[in-house]
């Protein structure tokens with residue numbers, strides 16, 4: 368894949384994730400505001416659960432954003448599209464589906480050394 372196309376894919380995905388993160392952060396702030404209001408005893412638990420869900424989604428989006436920033440660094444270094452584990456080429460189809468891919472599909476199925484999946 369040429370660098371122009373790769374950069375466009377990474378930038379588009381980064382913009383999408385940043386938008387989702389902003390929306391999620393706004394939802395979490397709203398949940399927090401709502402939790403601070405007075406409610407009958409059974410409703411704060413529902414609000415807290417919603418807030419925790421928003422926080423978990425935001426954390427996942429921040430992780431995704433960090434992966435996209437690493438992809439930008441690989442683009443700059445000329446190593447984009449090459450597995451960070453084995454040095455094998457990552458197929459263009461995989462990069463189009465996931466512009467932040469750091470591993471080949473086979474390597475991703477095995478998980479990463481820290482137990483995450485890519």
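Residue numbers (my numbering): 368 to 485.
Using N, Cα and C, we set each Cβ at its ideal position, and we do this for glycine too.
| Query | Result |
| --- | --- |
| Nearest-angstrom Cα separation, counted from residue 440 out to residue 423 | 26 Å |
| C-alpha distance - residue 460 paired with residue 386, whole-angstrom precision | 25 Å |
| Sequence-distant residues of its chain with Cβ nearer than 8 Å to residue 370 (five each side left out) | 442 and 447 |
| Cβ contact check for the stretch 449 to 459 and the stretch 421 to 435: 3 or more pairs under 8 Å | no |
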